[in-house]
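Take a look at the structure below.
There are 6 protein chains.
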Amino acid sequence: MRSRASDSLRNVTLTPGFAKHAEGSCLVKCGDTHVLVTASLEETTPSFLRGSGKGWVTAEYGMLPRSTHDRMRREAASGKQSGRTQEIQRLIGRSLRAVVDLSALGERQIIVDCDVLQADGGTRTASITGGYVALAQCIGYMKKIGMVTKPVLKDHVAAVSCGIVGGTPVLDLDYAEDSTAGTDANFVMTGSGGLVEIQGTAEGAPFSDEEFTQLLGLARKGIGELVALQKEALGE
Amino acid sequence: MRSRASDSLRNVTLTPGFAKHAEGSCLVKCGDTHVLVTASLEETTPSFLRGSGKGWVTAEYGMLPRSTHDRMRREAASGKQSGRTQEIQRLIGRSLRAVVDLSALGERQIIVDCDVLQADGGTRTASITGGYVALAQCIGYMKKIGMVTKPVLKDHVAAVSCGIVGGTPVLDLDYAEDSTAGTDANFVMTGSGGLVEIQGTAEGAPFSDEEFTQLLGLARKGIGELVALQKEALGE
Amino acid sequence: MRSRASDSLRNVTLTPGFAKHAEGSCLVKCGDTHVLVTASLEETTPSFLRGSGKGWVTAEYGMLPRSTHDRMRREAASGKQSGRTQEIQRLIGRSLRAVVDLSALGERQIIVDCDVLQADGGTRTASITGGYVALAQCIGYMKKIGMVTKPVLKDHVAAVSCGIVGGTPVLDLDYAEDSTAGTDANFVMTGSGGLVEIQGTAEGAPFSDEEFTQLLGLARKGIGELVALQKEALGE
Amino acid sequence: MRSRASDSLRNVTLTPGFAKHAEGSCLVKCGDTHVLVTASLEETTPSFLRGSGKGWVTAEYGMLPRSTHDRMRREAASGKQSGRTQEIQRLIGRSLRAVVDLSALGERQIIVDCDVLQADGGTRTASITGGYVALAQCIGYMKKIGMVTKPVLKDHVAAVSCGIVGGTPVLDLDYAEDSTAGTDANFVMTGSGGLVEIQGTAEGAPFSDEEFTQLLGLARKGIGELVALQKEALGE
Amino acid sequence: MRSRASDSLRNVTLTPGFAKHAEGSCLVKCGDTHVLVTASLEETTPSFLRGSGKGWVTAEYGMLPRSTHDRMRREAASGKQSGRTQEIQRLIGRSLRAVVDLSALGERQIIVDCDVLQADGGTRTASITGGYVALAQCIGYMKKIGMVTKPVLKDHVAAVSCGIVGGTPVLDLDYAEDSTAGTDANFVMTGSGGLVEIQGTAEGAPFSDEEFTQLLGLARKGIGELVALQKEALGE
Amino acid sequence: MRSRASDSLRNVTLTPGFAKHAEGSCLVKCGDTHVLVTASLEETTPSFLRGSGKGWVTAEYGMLPRSTHDRMRREAASGKQSGRTQEIQRLIGRSLRAVVDLSALGERQIIVDCDVLQADGGTRTASITGGYVALAQCIGYMKKIGMVTKPVLKDHVAAVSCGIVGGTPVLDLDYAEDSTAGTDANFVMTGSGGLVEIQGTAEGAPFSDEEFTQLLGLARKGIGELVALQKEALGE
């Protein structure tokens, strides 16, 4: 089924500047998973930060109704965002904030919108990886116009999922693998290798410390490669 | 400001089959307006048609939050679709149904999702023009697998906006033109030239019968060209 | 079925001052369609106009649950206004604003509520015709107390629907006619004959330019008569 | 301020059959309080009664936005019914059901819609008094077409408010009296004088048993007169 | 069925200070009905009181999903509070405000949350009785820190339900009694015996003045006992 | 600040059968965090399992408004559950299902309601630990009445949070510790030591593999003790 090695990423492309209007943007493709990410700069900050001198980075996530194999009901039509949507956008926001100096950003907000055009597994990790690129482009724009002067980004950040499929630990699950994985874990790490977020779930039998350590190793390899692609896309 | 002739369409491309999962799809670009349309086949029909032997075609419409110059609030987050969104999706649905033989379709439903990736005026008319292509591709699929046998599509259908800008009647308004137009009208016509829908609005001063007739003439020219592009895209 | 001539309006009465509390009001009856319209003056303006010196006129529309042949669900109970309701209230608002000098109105808002007590076709056009009367009464009140000094109303405005029923173009459709019309169009015009809004829809087969021109002619005749009735009701 | 005696009702008129489409209806006017009530027959019953052979009577209540001195926000626009609205419609429903033999009604439902066209105090009690008339007319219709054969209505029911205003117990409060009343009570009684519902509230100081007894006496007198008007309106 | 006398309360306990964080709190148990009440002090007041120098006391009410015999749907999940919930929280708020000097409270608000941990009839009356204790504790705290100086509470307030069960008037209905009662009434009274609220409902046949007088007498006895328990709990 | 050892749990008590009506229940106290958990048996299953022969276990979570230091808005009043609430109830449901044989349960559903009476950190992990006890009691009831015959529970499951506070890895964070922790992780494990869920988040600086391993070790110790308390509470 899987044609590539168990420790290989799918084919990944990152296209910054895909969207005409946004201060930062990136079309990220991980295999057949395609996410359009935009970073929008707003001169207001959430009320809990007003007067603090600090800014904020937040994320929103959505899927086009037919990004999936069967059509899903449009969340705008059903009148609310699902628990899954809210969980994902909280994760993306936390992950990106982990590498942002909110004081250097100043009292303003960047909203990172991650819209899944086509889904084939790993949409939340692709959103983080591409979200970093859109965010960096937005901050680059702010620097250019003199809106920020100190470094805002403290590190790179990227994410990948790993899982145990048919007894084998594998990197970067597509939808078919994700559906059959016994254990499924998402990892978010910085460019310098620090852990930002770990989410591991036993879908079938519980997993052991050893299995978890193997997944962590695969993630470390994959995220290293993703950060290299981010640097290349941003011309660093 | 306007570099093309007052009776010229913007550059239009129609890419059928853009989406992997949908039975029909089309990426439609009219200048900087980009809409991703999918046609999803569902084996259920609205309750008011149950037992009638007839099917249904309906449309949904959405804009990515940063498809616009300033970021708009995500409708899924605000918990409801705006009046504008509902008005547009009703228009798209009516327009497409005008060329569908609902009895030949049989008791099933096609949902046409029009999601604006980038907006620069004319998103509703682009959705109708691209929606026809996605719908035709979906019906082609149904024919191929023997789900329908009689012709389902009775004609082509496409749409364009026209307006009076600085006193001059012009075809296919972009956002800048739309914002300054004194009168703004959307036209939906069939391939054989029949009128399906007319929506004309005086934004400033009322308009005259003569002005309206000029806009109708421009629309007729533009829609003829759009139908030719539809045929080409569908390989007819 | 139709006892009056194809170019005759139903019996129309306009009763200004029907409501005790409102600054302006009108009970409009077009045949068996009865709409109670009130114009409420509020000393606040929408946020997008704050500081502009300009005012606003907006409309809301509702139907009593048993205004229709079969009882409809109360929108307050279902928790949202339908797409049809929103489309209608946007149309009424646009139509009335077309004859209002928003600068002369000053930074305040008039809300025109159109509540259908009994429905028999043409509720949106009756709302516009009666809405003008309520609005004019409200502005008369504002003049009397010295709140406005310059003329606020630039012209009259009224509306009517026309359609092609059984092959014949007819003026002012009742519900039975509307349900069987092949083409159905709403026209909004000023007292001096300018076009404010045109909405034409093919319910069955597409319609031709000639048919549309015929409907436009009928509308022009009917709206002339409605404006005369408005003047009479307002004692002009 | 009050021109009539402390134990006099306001001028009351009950106009059955006011609405064209409904099986039963009544326009009830109590002074400047005007409520349009319709009774709609539906051939379905709430799920908790399915298979029981019993029917149901329920009520809904609404106020037109400008029925009041200052415009109120439309509940359909705010997306929910207020606590006050829900409390009132529960009271109306309970009161009407108190005189209905639900088994004789059969497994169907009557929905009584009470829409306040103009408010000047006592809208909930007017709704009950007029609601009985609309309900009786609806049941009369059901009898005529043979849908029910046994008597469905066990008695008449009507309602009135009383209060202590400036130290004096008075019958049938208008809005000005209601706003200044120290104690305010609504009474619902049957034609034969049985108590169906009592709701007494101290708006200022608590009230005594004696005061309450006085209000009860006034209510008994007023409801007797209202029931006589109901009989007259229904031609009994 | 009923093991205690017809004029006896169930076993009642009032435990002030049950909640760690709240300024005032009380766990009230009336037989198997258990309600956790907290009184939360907030330094804001509703907008209609801003600048008036007056404060406000309001109540909210909720039931844990499995406080009842069959699980009820969680109101937070269904997205709105039922009409019953709103009616109850309005009653609790009105009852508590009847003994509060809102001017002495100053421009701040106390929110009394009544959450039913276990239900066996009489949850709204238990909420009022326990709500007074939580409120008194909160005001005691405010006195201690000097936030209020004049007496805020003008009297005690407590509540109980009575009903006619199998022809016999009884005090303090449990769920089984409440379900079979022909007439059901809630009484709210002050410590000095003034009536604050009366809500009597005929569940089956209408009731007479005499029956109502008997229920009032029972309530007066029960509320006297409840006020004595309040004083004891508060160490007065 | 912390008076107990860095590898000590807070004082934990588990009281099964706390709620009168529910098939299973448990009051769980972890220090000042108190959660009332009920397990409700329902003879329906979600639609996606109908006909599969399998059952379902799901969880809902709520906080009383004043369970926290400052009062939180009631989710039923705000009309929706927050992203945090939904994330927590999804975690609890997944964790409990990890030890349930859904086929042995049969086509029915158990809803585990976790309502926080008082919060002092670790409410989600306490809900899982107490949820297991309520679930086990519910399944014990089902066994007793012969509703299930095969073993439904495959193992125990419990949860605890760990974190790095002031540079030191500590077990079972209270609110004050959680607010200042640099890294915060929740662990869910079975009685036999298998990992069910890991959620680790860097609140400040990213964390290392070594730090994470230390937290995992602390969790393993704590969960072992919690499972022993579960067995004791259930009399196993």
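Chains as they are written, first to last, in UniProt numbering: chain A, 1 to 236; chain B, 1 to 236; chain C, 1 to 236; chain D, 1 to 236; chain E, 1 to 236; chain F, 1 to 236. By construction, the Cβ of each residue, glycine as well, lies at the ideal position given by its N, Cα and C atoms.
DSSP beta-bridge partners of residue i
i: V100(A); result: L153(A)
i: C162(B); result: L171(B), A185(B)
i: M63(D); result: V116(D)
i: C138(B); result: None; C138(B) has no bridge partner.
i: H69(C); result: H69(C) is not bridged to any residue.
i: H34(D); result: K29(D), Q118(D)
i: E107(A); result: Note: E107(A) sits in no beta bridge, so no partner.
i: A202(D); result: T183(D)
i: residue 261(E); result: Because chain E in this structure spans residues 1 to 236, residue 261(E) falls outside the shown range and cannot be described.
i: V133(A); result: Looking at the DSSP assignment, V133(A) forms no beta bridge with any residue, so it has no partner.
Own chain, CB closer than 7 Å to residue i, minus 5 neighbours either side, in chain order
i: Q118(B); result: D32, T33, H34, S67
i: Y61(F); result: T85, I88, Q89, I92, C114, S127
i: N11(B); result: G31
Distance CB(residue i)-CB(residue j) smaller than 9 Å
i: G186(B); j: E177(B); result: Correcting the residue identity first, residue 186(B) is Asn in this sequence and not Gly. Their beta carbons are not under 9 Å apart, which means N186(B) does not touch E177(B) by this criterion.
i: G24(D); j: Y175(D); result: no
i: G93(B); j: A39(B); result: no
i: A104(E); j: P46(E); result: no
i: A181(B); j: G163(B); result: yes
i: A202(A); j: A136(F); result: no
i: I110(A); j: G55(A); result: yes
i: M189(C); j: I223(C); result: yes
i: V100(C); j: T125(C); result: no
i: G122(F); j: L173(F); result: yes
i: E211(E); j: R108(E); result: no
Residue environment, residue i, which counts as buried when at least 16 other CB atoms sit within 10 Å
i: K29(F); result: buried
i: F207(B); result: buried
i: T149(F); result: exposed
i: D209(A); result: exposed
i: R74(C); result: buried
i: S95(B); result: buried
i: G191(D); result: buried
i: L120(E); result: Just to set this straight, residue 120(E) is Asp in the shown sequence, not Leu. Burial call: buried.
i: H69(B); result: exposed
Under 7 Å from the C-beta of residue i: neighbouring residues of chain B
i: T38(A); result: R66
Contacting residues, own chain, Cβ-Cβ under 8 Å from residue i (five flanking each side not counted)
i: G130(A); result: L14, C26, L27, V28, V35, V37, C114
i: K221(B); result: D7, L171
i: L215(E); result: C162, G163, I164, P169, T183, A185, F187, G200
Nonlocal neighbours in the same chain, by C-beta distance under 6 Å from residue i, ignoring five residues either side
i: A233(C); result: L14, P16, V133
i: L226(E); result: T129, A158
i: M72(E); result: P65
Interface partners of residue i on chain D, CB under 8 Å
i: K80(E); result: K80
Cross-chain neighbours of residue i in chain F, by beta carbon under 7 Å
i: D115(E); result: L64
Partners in chain F for residue i, counting only beta-carbon separations shorter than 9 Å
i: E60(E); result: P65, R74, A76, A77
Residue i: contacting residues in chain A (beta-carbon distance under 9 Å)
i: D195(F); result: A quick correction: the sequence has Leu, not Asp, at residue 195(F). Going along chain A in sequence order, the residues near L195(F) (Cβ under 9 Å) are T183, G200, A202, P206, F207, S208, D209, E211, F212.
Amino acids of chain E, ordered along the chain, whose beta-carbon sits closer than 7 Å to that of residue i
i: T190(D); result: P206
Residues that residue i contacts on chain D, provided the C-beta gap is smaller than 7 Å
i: Q109(E); result: Those do not exist, as Q109(E) stays about 18 Å from chain D at its closest Cβ, beyond 7 Å.
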